[in-house]
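Final position of the sequence shown in the numbering used here is 2273; the numbers increase by one with none missing.
Worksheet for the structure shown next.
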Amino acid sequence: MKRKITLLLLVLLFTSINLNAQLTDLVGPNKYSEFEIYMDNDSLWYSTSITVQFKGRTIELPAGATNASTSDIIKPNTRNILQSVKQKYGNFRLEKVFKNSSWGDTLGVDRNTGRQVKLRNLSQFYKLIFDELICVDSLINELKVFPEIVSADRPSIVTLHYVPSDYSPTEQWSLDKIGATRAWDITTGNEQVKIAVVDFFERNDLDIHNELQGKISYNPENLSKDHGQIVAGAIAAYTDNGTGIASIGFNSKVMLFEGNTASAVNNALNAEPLPEIINCSWGQTKTYALDTVIYNALKQGVIVVASAGNGLQDEGTIPRVKYPAAYNFKDILPGIDRQVIAVSATMLENNEEVFAHDGYGRWNYSPEDHPGVFPEEAFIDFSAPGVNIKVLHSTIQNQYDHVSGTSLSAPIVAGTIALMKSVNPSLTPEAAFEILKNTAEKIGMDPYNYQIDGGWNQYMGYGRINAHNAVNVASGAPYPPKNLYVTTSSTVGIFSGTFSAEAQLNWLANSEPDLDYYKVYKAVTTGSEPAYNSYVEVCTSTTNSATVSVNDFGDSTKIYYRIAAVDTEGKESVLSEPKWDWAPPSPPTINITPSGGHPKISWTAVSGMTHRVYKKIDWDKRYNLTPTWNALTIELTGSYYVDETIDWDGTHVSNELDVYYKVTKRRNENLISNFSNIEKVWIEGEPLNKKGTEQEGIPTIYSLSQNYPNPFNPTTVIKYQLPEAVNVTIKLYDMLGREVKEFINDTQEAGYYELTFDGSDLSSGTYIYRITAGDFTDSKKLLLLK
């Protein structure tokens, strides 16, 4: 047993966690994981979670509970194992994998034979979810030696099967923006959901585009080509067939009706079966006939979607009211509270999604500014992508085109509603509208009036639709939380030298009666906003606020947060809109040189940051007195400070004098860095001396720090500390275990030390440095990149 433990310690020693190594993100396109997963150059996986199965009845939680603590563990040996894991790898929480399972729940019924069968128990599967990235392969290998652990597994990476082979985010930016691929993870639609396309076609022409063949459930007039073919393809073109385009409706089918008149709409209402959705990518003036058929459609529970109109060249006058888009029968006709869904267009401009415009100005928008006061004049409800959209060619078989217009925006919404209907067949026009309204994204440059039912403006309506969010809510999941607000703050202990940082998050509480709790997600970046699937869960909260410990630092580091709501059935909302705040700045590095007869404390200035200098003086080293730190300066904007109270030539000093300096960096009143390195100078009645970066006091434990910077080229610094005088060796090895260099082999006194390693004579790669000091050994990886 002793030999096994020794070997295990050696394995762990040489697989020490090195989050500064070059890591490759394994959760790439078309893949999904609940957690971040990375791999280093040695093919070791890093993540924030593993899944374990405990042997026997180890944890039993009350009904409905999902989170456990080590105190809930019945078996002492297992509890001790997890306490050791926490000491080595940091804080974690235990989350039950199969939330409704319980010990002894192993009986089931074969639905085919009706005979009772014995099932495998699921109650002892738990996720260990850590606060920070760890080397999960190292932990798994360690846990596998214990008989109390049946299994220990990496987090899963799932290939998303419903990102179709003909979908391209660059070619079809419209689907990317509305979250189509994530909506398809919930449902790919149902061919039983029928969408009527009332539009211009060529009659008695069987030359339908190949991507619509088999996707039309009703076409008695043999309609094809023209404007209607483009619209029908946007809703229901063959998807995942390796060619052409993907359609938002995926498996949905369309019914074709020729014309842009009331009679054409009425033809759709008289069809068998009655369509669930009617799309009208056209507009006209108001007529009673059109009033009547639209009223009848809405009365029968048919959802009507219509385009809001294009630019000045098409419309003649802007803004203007367009029908059927503007029909709103709320409080006008008795017994009905429904309206047509009117859709405007968005476009990409410098990679930002904005309201559509062209060389003549903005496209059509609502003439009035309040839909509650002017229900038909303030008619635009939502926006959707409508410029430079890849579509089926209007006349040529097997060809494609790029076109623009709200004629494309409307079918994107219609197809989204088809997905919603596939997960909720009883969805009413009112319910569909409310879901779209409460899941739309408030994008664009124009302000929204938040006194109007969650926010509305004349251009985007209630915002650009989000198919993922809408379909998720239609399936029964909660709405994502709103109005997230983030404040990050950090503090330092001047006397203790401690540092802490945390983010306070607050958001508007959800109103669902079955809401259970919230999940908090974060993503860290030094560039643009992180991708949706790059967020990782960091904590949960049963209230509409959370405090998150911050362990990410950097002068240009931003931390983004999103919130998800979870109901009592475990259904989770999509992530909320992101909010970010700066991470605390990196600690400065200081140096001391003489200047005009006084010590000059220098650092690298950072734009937008200030610095403050702290000083501690040991006036008489002959007595056991404890000096204290004091702030020497106010916040400084420059890159140095000269301490004129100390003479470099040693005058006015009658005995030994030690002077210590340290510096903090501040971004704003809330964000301060940890302390810099501590520089010490001393006077012995002679000219001032400076001793490297020695810190005051004697350490109480052995320690080997991670080198910095890492990766590096060609130099890096390795720090270590010794609590007593001891013989020290520090050596460098390659990944095959061969000794490359010996840094130190000598007896050293207790204290803090650092060495500078120059790798100019070595090739790029990963190396291991190892310290042996008495009985203490430790090792770390470093990465040399040339």
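Heads up, the beta-carbon is just placed ideally off N, CA and C, and yes, glycines get one too.
### Task
Go to VAL1910, then tell me how far its alpha helix (DSSP H) extends in each direction, as first and last residue.
1893-1910
### Message
Less than 7 Å between C-beta atoms, sequence neighbours within five positions excluded: which residues of the same chain meet that for LEU2270?
### Response
ALA1508, GLN1509, ASN2197, PRO2198 and THR2253
### Query
By Cβ distance below 6 Å, which residues in the same chain neighbour THR1974 in space, the five residues on each side in sequence not counted?
GLN1991
#### Entry: Beta-carbon gap between SER1768 and SER1661 smaller than 8 Å
no
### Task
Figure out for me which residue from VAL1841, ASP1640, PRO1968 and LYS1809 has the closest Cα to the Cα of GLU1855.
LYS1809
### Query
Is the region 1576-1586 close to the region 1614-1627, with three or more CB pairs under 8 Å?
yes
### Task
Locate the alpha helix (DSSP H) running through ASN1754, then write down its first and last residues.
1749-1756
### Query
In the DSSP assignment, what are the bridge partners of ASP2233?
VAL2215
### Query
Rounded to a whole number of angstroms, what is the C-alpha to C-alpha distance between HIS1714 and TYR1814?
23 Å
### Message
Quick check on this structure: which residue in PHE1633, PHE1522, GLN1611 and LEU1531 has the alpha carbon closest to the alpha carbon of SER1571?
### Response
PHE1633
### Message
Taking DSSP's pairing of strands, which residues face GLY2252 in a bridge?
### Response
LEU2271
### Query
What's the gap between the Cα of ASP2265 and the Cα of THR2259?
7 Å
### Query
Excluding five sequence neighbours on each side, which residues of the same chain lie with their C-beta closer than 7 Å to the C-beta of ASP2039?
VAL2011, ILE2046 and ALA2070
### Task
For the region 1832-1869, list the alpha helix (DSSP H) runs that are entirely contained and at least 4 residues long, ordered along the chain.
none
### Task
Let me know the secondary structure DSSP gives THR1779 once reduced to three states.
helix
### Task
Have a look at ASP1653 and TYR1613 and give me their C-alpha separation to the nearest angstrom.
The predicted model places ASP1653 with a pLDDT of 48, which falls under 50 and marks its position as unreliable; any figure quoted below should be read in that light. Near 38 Å, if we compare the C-alpha coordinates of TYR1613 and ASP1653.
### Query
If ALA2051 and PRO1934 are in contact, beta carbons under 8 Å, what's the gap, nearest whole angstrom?
At roughly 27 Å, the Cβ-Cβ gap does not stay under 8 Å, so ALA2051 and PRO1934 are not in contact.
### Query
By how many angstroms is the C-alpha of PRO2074 removed from the C-alpha of GLN2193?
15 Å
### Query
Which residue's Cα is closest to the Cα of LYS2218: GLU2211, VAL2227, ALA2212 and ILE1735?
VAL2227
### Task
With DSSP as the reference, please indicate the residues paired to PHE1986 in a beta bridge.
VAL1979
### Message
For TYR2022 and LEU1777, what's the separation of their Cα atoms in angstroms?
### Response
48 Å
### Task
Go ahead and label HIS1889 buried or exposed: buried means 16 or more other beta carbons lie within 10 angstroms of its beta carbon, across all protein chains shown.
exposed
### Message
What does the alpha-carbon distance come out to for the pair TRP2090 and ALA1901?
### Response
60 Å
### Query
Opposite SER2028 in the DSSP bridges: which residues?
TYR2005
### Query
Is there contact here, the region 1824-1839 with the region 1906-1914, by at least three beta-carbon pairs under 8 Å?
no
### Query
If we count the other Cβ atoms within 10 Å of its Cβ and call it buried at 16 or more, is VAL1596 buried or exposed?
Per-residue confidence for VAL1596 stands at a pLDDT of 39, beneath the threshold of 50, marking its modelled position as unreliable; no derived number is given.
### Same chain, Cβ closer than 7 Å to VAL1841, neighbours up to 5 away in sequence not counted
THR1833, MET1834, GLY1931 and MET1932
### Message
Since ILE1952 and LEU1923 should fall inside the 8 Å C-beta cutoff, what is the C-beta to C-beta distance between them, to a whole number of angstroms?
### Response
6 Å
### Query
Taking C-beta to C-beta, are ALA1555 and GLN1659 nearer than 8 Å?
no
#### Entry: Where THR1600 falls, given that 16 or more other Cβ within 10 Å makes a residue buried
Because THR1600 carries a pLDDT of 43, less than 50, the predicted location of this residue cannot be relied on, and the following value inherits that uncertainty. Counting Cβ neighbours within 10 Å, THR1600 comes out exposed, since fewer than 16 surround it.
### Query
What separation, rounded to the nearest whole angstrom, lies between the Cα atoms of VAL1650 and TRP1671?
Because VAL1650 carries a pLDDT of 36, less than 50, the predicted location of this residue cannot be relied on, and the following value inherits that uncertainty. Cα to Cα, VAL1650 sits roughly 7 Å from TRP1671.
### Query
Nearest CA to the CA of PRO2081: which residue from TRP2116, ILE2133 and ALA1723?
ILE2133
### Query
Under a Cβ-count criterion, where at least 16 other Cβ atoms within 10 Å of its own Cβ denotes burial, should ASN2155 be classed as buried or exposed?
exposed
### Message
Check whether the region 2051-2061 and the region 2145-2155 touch, using three or more Cβ-Cβ pairs below 8 Å as the test.
### Response
no
### Query
Ordered along the chain, which non-local residues of its own chain (more than five positions away) have a Cβ less than 7 Å from that of TYR2128?
ILE2088, VAL2100 and THR2120
### Query
Between the region 1680-1700 and the region 1721-1740, do three or more beta carbon pairs fall short of 8 Å?
yes
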